Amino acid sequence: MVNLAVIGAGIGGCSAAYFARKYIPDSKVTVYEKENSIGGRVFTFNWDGKNSELGAAFFNRMNKTIWHLVKEMDLKVKKLGESMDIAVWNGTEIIFRSSQPLFYMMLKLLSKYKLSVPKLLLSLRTANEKIKKLYKKEEKLTEFWELFESVGLDKWYKMPFDQILFQMGINRKFIDELITPITRIIYSQNAKLGGFAGLSSLLGVYGEAMYSLKAGNEVLPKKLLKASEAKVELTSKVKSIEKTSKDCFQVLVGKKLSFFDGVIIAAPLEGADITFEGILKQKWQAREYQKIYIRLMKGEVNLRYFNIDANTKLPSVILNSKEADPITRFSINQSTKSESLVTITSTEPIGNDLVNDLFKKGKTILDHTWRAAYPIFKTIQKIPPICLDNGLLYLNAIESAASSLESSTFAASRSIKILKEQLCS
Ligand SMILES: Cc1cc2nc3c(=O)[nH]c(=O)nc-3n(C[C@H](O)[C@H](O)[C@H](O)COP(=O)(O)OP(=O)(O)OC[C@H]3O[C@@H](n4cnc5c(N)ncnc54)[C@H](O)[C@@H]3O)c2cc1C
186 MVNLAVIGAG
196 IGGCSAAYFA
206 RKYIPDSKVT
216 VYEKENSIGG
226 RVFTFNWDGK
236 NSELGAAFFN
246 RMNKTIWHLV
256 KEMDLKVKKL
266 GESMDIAVWN
276 GTEIIFRSSQ
286 PLFYMMLKLL
296 SKYKLSVPKL
306 LLSLRTANEK
316 IKKLYKKEEK
326 LTEFWELFES
336 VGLDKWYKMP
346 FDQILFQMGI
356 NRKFIDELIT
366 PITRIIYSQN
376 AKLGGFAGLS
386 SLLGVYGEAM
396 YSLKAGNEVL
406 PKKLLKASEA
416 KVELTSKVKS
426 IEKTSKDCFQ
436 VLVGKKLSFF
446 DGVIIAAPLE
456 GADITFEGIL
466 KQKWQAREYQ
476 KIYIRLMKGE
486 VNLRYFNIDA
496 NTKLPSVILN
506 SKEADPITRF
516 SINQSTKSES
526 LVTITSTEPI
536 GNDLVNDLFK
546 KGKTILDHTW
556 RAAYPIFKTI
566 QKIPPICLDN
576 GLLYLNAIES
586 AASSLESSTF
596 AASRSIKILK
606 EQLCS
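Anchor point for the sequence shown: position 90 equals 275 in the numbering used here, and the numbering is continuous, going up by one each time.
Here is the structure:
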């Protein structure tokens, strides 16, 4: 019997518990979560019978681990891409709209941005092939940086995204007008962010359709945790982890000490407030995290604000290329002729004056702040170690390169396989 602790019940921790049941069947798992709820940065808010994703909103088929877990949990998916009408607003007018026929749209893009468009598509395809190889090599290497280097993906996190794009011959206008709004909608950061995070932003929305779960994304971590049969301790903040002997970890929650053969940290250490004792390596470096504000509103959108003709249909998502504007995303979740349910994402709180400009009339349904939504992605030479010590794994190390449902579940699967090798062989 292997006794394991998982710290954090976000998608990472819940999938780690599930993978432990699968790959180490004789394991006994305890999941500690400091909040009174499961899901972490996956947060589905139901209002008036309609789900709004206020945390992780979508994934695609290229996200192999997530896709596999969704299928294993027998969950129904909802395709977003086809019905999504995406518009890019530059602070003055709509400069791009995806609802136009594909042929017309491509012609327009080519005439405006010339060879930047095919160059970008080609480099995304090449990068995508490398990501596929990364999954194949997964079993052979331990650390993420080794994996990334082995398939040539490391260059992406070693340089700022816009610099890599310049080197590929992609022009500034294209980056400012179409790439920046995508990195802003995904990570609330401009195209100068770490290259792999930029690449993930584009791969998240390019080509493949996007999906979410019909019953709400929050169902996935909940189902995984249930299937894992782990013991779940909510409102249980882990205060410290101490390695007491070669093969034993002592975990302190409140005043209670528990002992484990292995520990998986499935929460960013920057906000986890955990102290360590007797850990051999402990090589993680604190990162800065992006704070974002989400406001869910119902009301009549003022189309004139976006310079949209009164007779034109509202797009389903408005991206914003104007970097000085704190609003990074304006998503219309549901719309009737007179009223829409809208999620506004911003890097600063939205004042009432702006709300009055955005809506002819509207009311706030929910305000939610993510104090640490995702790292402020910087260039790095190496992804920090997943293996903090023998038997102590740190899943969110991968967030230095990119933060997503896929990165957390992929890291969860890796960490359980590493633990199996360390503890069971
Ligand atoms: C607004 C927003 C939109 C996003 N959109 C997308 C998207 O569309 N697609 C996508 O793939 N990704 C998206 N992401 C990123 C994605 O949500 C995260 O990368 C992923 O959910 C992280 O999961 P995690 O389990 O690693 O961490 P978390 O979800 O942060 O889970 C960590 C858990 O650990 C708990 N915890 C922390 N410290 C302790 C402690 N000391 N003791 C016990 N418990 C502790 C926390 O309470 C939390 O529940 C988005 C993120 C945000 C914020």
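Think of the CB as a built atom: it goes at the ideal place given N, C-alpha and C, for glycine as much as any other residue.
These figures come from a predicted structure and were not determined experimentally.
By the three-class DSSP mapping on this structure, what secondary structure does residue i have?
| i | result |
| --- | --- |
| lysine 379 | Just to set this straight, residue 379 is glycine in the shown sequence, not lysine. Three-state DSSP puts glycine 379 in a strand. |
| lysine 548 | strand |
| isoleucine 196 | helix |
| tyrosine 320 | helix |
| lysine 476 | strand |
| leucine 481 | strand |
| tyrosine 579 | strand |
| asparagine 313 | helix |
| leucine 326 | coil |
| asparagine 245 | strand |
| leucine 300 | coil |
| asparagine 537 | helix |
| aspartate 347 | helix |
| isoleucine 503 | strand |
| alanine 400 | coil |
| alanine 190 | strand |
| isoleucine 279 | strand |
| methionine 395 | strand |
| serine 413 | helix |
| serine 386 | helix |
| serine 525 | strand |
| serine 430 | strand |
Considering only DSSP beta bridges, list what residue i is partnered with.
| i | result |
| --- | --- |
| serine 425 | Leu437, Thr460 |
| serine 284 | For serine 284, which the question treats as bridged, DSSP gives no partner whatsoever. |
| glutamate 238 | Thr229 |
| tryptophan 555 | Ile477 |
| aspartate 494 | Paired residue(s): none; aspartate 494 is not in a bridge. |
| lysine 560 | In the sequence under discussion, the amino acid at residue 560 is proline, which differs from the lysine named in the question. Proline 560 is bridged to Tyr474. |
| serine 531 | Tyr478, Ile512 |
| valine 336 | In the DSSP output, where bridge partners are listed per residue, valine 336 has none listed. |
| serine 443 | Val436 |
| glycine 354 | DSSP, once it has assigned bridges, lists no residue as partnering glycine 354. |
Locate the beta strand (DSSP E) running through residue i, then write down its first and last residues.
| i | result |
| --- | --- |
| glutamate 418 | 416-418 |
| aspartate 270 | Taken as a continuous stretch (DSSP letters only), aspartate 270 belongs to no beta strand (DSSP E), as it is neither H nor E. |
| glutamine 519 | 512-520 |
| isoleucine 449 | 447-450 |
| lysine 213 | 212-217 |
| leucine 168 | Residue 168 falls outside the range modelled here, since the chain spans only 186 to 610, and no answer is possible. |
Between which two residues does the alpha helix (DSSP H) carrying residue i extend?
| i | result |
| --- | --- |
| lysine 263 | Careful: lysine 263 lies outside any alpha helix (DSSP H), inside the beta strand (DSSP E) at 262-264. |
| glutamate 584 | Glutamate 584 -> no alpha helix (DSSP H), and no H or E assigned at all. |
| glutamate 591 | 590-609 |
| arginine 489 | Per DSSP, arginine 489 belongs to no alpha helix (DSSP H) and is neither H nor E. |
| isoleucine 619 | Past the boundaries of the shown model lies residue 619; the chain is included only from 186 to 610, so the question cannot be answered. |
Below 8 Å on the Cβ atoms is my guess for residue i versus residue j; work out the distance and round it to an integer in Å.
| i | j | result |
| --- | --- | --- |
| alanine 587 | serine 397 | Their Cβ separation, rounded to whole angstroms, is 19 Å, which puts alanine 587 and serine 397 out of contact at 8 Å. |
| leucine 526 | serine 284 | Not really, about 20 Å apart at Cβ, beyond 8 Å. |
| leucine 260 | lysine 408 | 7 Å |
| isoleucine 561 | glutamine 475 | 5 Å |
| serine 308 | lysine 322 | About 21 Å; that fails the 8 Å criterion. |
| isoleucine 459 | valine 417 | Rounded, the Cβ-Cβ distance is 19 Å, inconsistent with contact. |
| glutamate 591 | phenylalanine 244 | 7 Å |
Checklist line | Segment contact, 8 Å Cβ cut-off, at least three pairs: the segment 445-458 with the segment 495-509 | finding: no
Notebook entry, point to check: Should the segment 425-439 be regarded as contacting the segment 220-237, the criterion being three or more beta carbon pairs within less than 8 Å?
Noted result: no
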